[in-house]
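Trainee: Structure provided below as structure tokens; questions to follow.
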Amino acid sequence: MTIIYKEGKSHTNADGLSRWPLDNVNRNPAHHPEVSARIPIHFMEIDRRKNIRFSEWAPESGTPDSGNTDSEDTETPILGITSSELQNEFFSAVLKSYAQKKHCGILLQLLQQKYRSPELESQLAEPWLRDYKDNTFFLIDGLLYHREKHTSSLTVVDRDHISLILQEFHDCPYMGHMSEDRTKERVASTAWWPKWEQELSEYINTCERCQKENRKHGKKYGLLQHIEEPKHPWETINMDWVTGRVPGGKENYNACLIIADKFSKSMRCLPCHKEDTAMDTALLFWNSLMSTCGVPKIIISDRDPKFTSEFWPNLYDMLGTKLAFSTAYHPQTDGLAERMIQTMEDILRRFCAYGMEYKDHEGYTHDWVTLLPSVQLAYNTSQHSTTGKTPAVVEKRWNPLLPVDHLKKNLLTIHPTAKDFHDMWKRACNTAAKCIAEAKDYNKQRWDKTHREPDFKEGHQVLVSTLSFNNLKGPNKMRDSFVGPFTIIKLIGKNAVEVKLTEEFSRKHPVFPVSLIKPYFQTEEDKFPSRKKNPTPPDIVEVEDSPGPVSKIIRARKIRLNGKDQRQYLVRFKHQTADKDKWLAEDAIPDGNLHLRGFMAFRRTEQSHQ
């Protein structure tokens, strides 16, 4: 190798070699800018401090530069490269650990002998004996190595050494908490001990950081639960709410209640308010559906079970019945109401694309509330893909007349007899029931392909997805995927569990669907001694205790919190001055439903007078 000096101004892509680190003295071959310094590297030596030095090269006699050699310094340091090696203490400790293990001592004796000893071999247990007979063990400097195909690895038997190796190959930042397969590939070429693959799998599966930060993969928990198929219209209904709408109508409605009949697929669109309680919903159902549909047997809703359990007693009180009824909570819906909501919003969007008010050709103004009856009529008179008939025909045995139907008045019509009409309707109901059953089996088959049955039991420890908590600090992408562990105290059906939340999460409702939890794995504390202890729980946004009962809600605002829009209300408390007012989220207001209803009613009154 020849080093040639070149001026920095002419060397645009300069690197370390273009900046000779020596002073511009006589012993520096590059001290003169006009003279190229050609220094062949004769040899390099590395001292104990790992500093690389050039041995001074003296030109042979007769060369032009023989007189420029400076003999005062025999060595010229040019670089300060340091290297590190694994200390011998680790290998010495591994060697000492062999003497404490019976099988290692016997194996060392066998490998040091020239001939095989059946007596010593009989004292070896599996897998030591099998691997010894396969000639997979050999000695280097007294250390025991294990040969596996084209690689060899150091044999370790001490629990501290095993734990240290697992921690080094999995927990360190430069290893990145990789998966079991990737970690196994690294460990296989470095260390070996009996049942190392099983212990490595257990170490990774019980890693706290991996369990909390890794997302769930594979099939989700929760098979599609069978809900009794209805035999008559309005026997089983789906209820869902559409919120976030601009206030419309005389009452400034800001939400819409969608009620769907599972048998006929008929839909009802009822304007309401987002702040409505179970009592308000029961009253709305009473006024709008009770006279025509009766009392449903099953209500499917994704709302809180407390809401559903309060809805039934309020409805029965209005009926004046004294019969005792039991209610069941189904946290899993079949998506019927959700699909109807999409259809409803698509229709409304076509008429309200440029605002929430629509003017027809005569100048009459309509908002989304006044368009709901048209949406309902359009949906109920359209053929459904499941039943093959319109919801109105299955429900009422006939289709409501539309303006276009009057164009058919001159067409020849056949009026069936009463018996024929009854038979036609009966066949329509049977066909609808058959189609619904086939659709149910098809949906269950598709659902169960990507889901599995949960095997949680009371007393099991689980982790809960952070999607269930809205009071965690930090950005969502840097937050743990799961928190816990929590203990299951009760199974609610097959697809929901109740857990015992720790103190920092005690304000959260303790019931979660199985799709948002996963099992928590742990091992004995002394199995991996060097493993780090459990990390601290994530930061919680503490909700301060209320200074007293709420007097009234003054105003509302919308803020951006953790990347999401959140509505807050300025609350004034009883026996407190205005300087004690606080901005609180809806779920943090004591008796929030009652006060929010009053506040929203007051706002609607103000807007109507403007």
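If you use full-length UniProt numbering, the sequence shown corresponds to residues 1 to 610, in order. Cβ coordinates follow ideal geometry from the N, Cα and C atoms, glycine included.
So, for Glu213: in the same chain, excluding its five sequence neighbours on each side, which residues have a beta-carbon less than 7 Å away from its beta-carbon?
Mentor: Asp480, Ser481
Trainee: Note down, in chain order, each residue of its chain lying with its Cβ closer than 6 Å to the Cβ of Thr243, except the 5 sequence neighbours on either side.
Mentor: Ala255, Lys274
Trainee: Compare the beta carbon distance of Phe456 and Leu491 with 8 Å and say whether it is the shorter of the two.
Mentor: Against a cut-off of 8 Å, the Cβ pair of Leu491 and Phe456 comes out as a contact.
Trainee: With DSSP collapsed to three states, give me the class of Phe573.
Mentor: In this structure, Phe573 counts as strand in the three-state DSSP scheme.
Trainee: Return the CA-CA distance between residue 690 and Thr206, expressed in angstroms with no decimal places.
Mentor: Since the first and last residues shown for the chain are 1 and 610, residue 690 lies out of range.
Trainee: Does Cys272 pass the burial test, meaning 16 or more other C-beta atoms within 10 Å, or should it be called exposed?
Mentor: buried
Trainee: Looking only at its chain, what residues have a beta carbon closer than 6 Å to the beta carbon of Pro194, apart from the 5 residues adjacent to it on each side?
Mentor: Pro127
Trainee: Looking at the strands, I want to know which residues DSSP matches up with Gly248.
Mentor: Tyr253
Trainee: Once you ignore the five residues that flank Ala378 on each side, which residues in its own chain have a CB closer than 6 Å to its CB?
Mentor: Here the set comprises nothing.
Trainee: Quick one: what's Thr236 bridged to in DSSP?
Mentor: Ile298
Trainee: From what residue to what residue does the alpha helix (DSSP H) around Phe91 run?
Mentor: 88-99
Trainee: At which residues does the beta strand (DSSP E) containing Gln461 begin and terminate?
Mentor: 461-465
Trainee: Could you give the first and the last residue of the continuous alpha helix (DSSP H) run that contains Phe285?
Mentor: It spans 278-288 - the alpha helix (DSSP H) in which Phe285 sits, taken as one unbroken run.
Trainee: If we ignore side chains and look at the alpha-carbon of each, how far apart do His217 and Gly484 end up?
Mentor: 19 Å
Trainee: Using only the alpha-carbon positions, how far apart do Leu144 and Phe512 sit?
Mentor: About 52 Å.
Trainee: Near Cys210, what residues of its chain come up, given a Cβ to Cβ distance below 8 Å and the 5 sequence neighbours on each side ignored?
Mentor: His177, Ile204
Trainee: Beta-carbon within less than 6 Å of Thr190's beta-carbon, same chain only, minus the 5 sequence neighbours each way: which residues are those?
Mentor: Ser153
Trainee: Using a 10 Å radius around the Cβ and a threshold of 16 neighbouring Cβ atoms, would you call Asp131 buried or exposed?
Mentor: buried
Trainee: Am I right that Val157 and Ser97 are in contact with their C-beta atoms under 8 Å? What's the rounded C-beta distance?
Mentor: Contact flag correct, Cβ pair sits at about 6 Å.
Trainee: Short of 6 Å in beta carbon distance, which residues of its chain neighbour Lys582, apart from the five on each side in sequence? Order them along the chain.
Mentor: Val571
Trainee: If you scan the stretch 141-197 from start to end, which runs of the beta strand (DSSP E) of 3 or more residues do you find wholly inside it?
Mentor: You should have 143-148, 151-155.
Trainee: Span of the alpha helix (DSSP H) holding Arg557?
Mentor: It is not in any alpha helix (DSSP H) - Arg557 instead sits in the beta strand (DSSP E) that spans 550-561.
Trainee: Which partner residues does Ile583 have in the DSSP bridge list?
Mentor: It is worth fixing the name first, because residue 583 is Trp in this sequence and not Ile. Answer is Leu570.
Trainee: Would you kindly work out how many angstroms separate the C-alpha atoms of Asn252 and Arg603, rounded to a whole number?
Mentor: 9 Å
Trainee: According to DSSP, simplified to helix, strand and coil, what is Pro127?
Mentor: coil
Trainee: Rounded to a whole number of angstroms, what is the C-alpha to C-alpha distance between Gln568 and Val393?
Mentor: 46 Å
Trainee: Shortest alpha-carbon distance to Pro230 belongs to which of Gly388, Phe263, Gln112?
Mentor: Phe263
Trainee: Which two residues bound the contiguous alpha helix (DSSP H) that contains Glu229?
Mentor: Segment: none, Glu229 is in no alpha helix (DSSP H) and carries neither H nor E.
Trainee: For Ile3, which three-state DSSP category applies?
Mentor: strand
Trainee: Would you give the residue range spanned by the beta strand (DSSP E) that Cys207 belongs to?
Mentor: No beta strand (DSSP E) contains Cys207, which DSSP labels as neither H nor E.
Trainee: Counting C-beta neighbours from all protein chains within 10 Å, is the total for Arg458 16 or more, i.e. buried, or is it exposed?
Mentor: Sequence check: residue 458 is Glu here, not Arg. So Glu458 ends up on the exposed side.
Trainee: In the structure shown, what three-state DSSP assignment does Glu213 receive?
Mentor: helix
Trainee: Tell me the rounded alpha-carbon separation between Met175 and Asp579.
Mentor: Each residue's CA atom was taken as its position, placing Met175 and Asp579 some 54 Å apart.
Trainee: Assign Pro233 to buried or exposed, taking buried as 16 or more other Cβ atoms, counted over all protein chains shown, within 10 Å of its Cβ.
Mentor: buried
Trainee: Counting along the chain, where does the beta strand (DSSP E) carrying Thr243 start and finish?
Mentor: Premise fails: Thr243 is in no beta strand (DSSP E) and is neither H nor E.
Trainee: Relative to the C-alpha of Arg248, which candidate in Lys184, Val369, Ile165, Trp447 has its C-alpha closest?
Mentor: Per the sequence presented here, residue 248 reads as Gly, with Arg not at that position. Selected option, being the one with the closest Cα: Val369.
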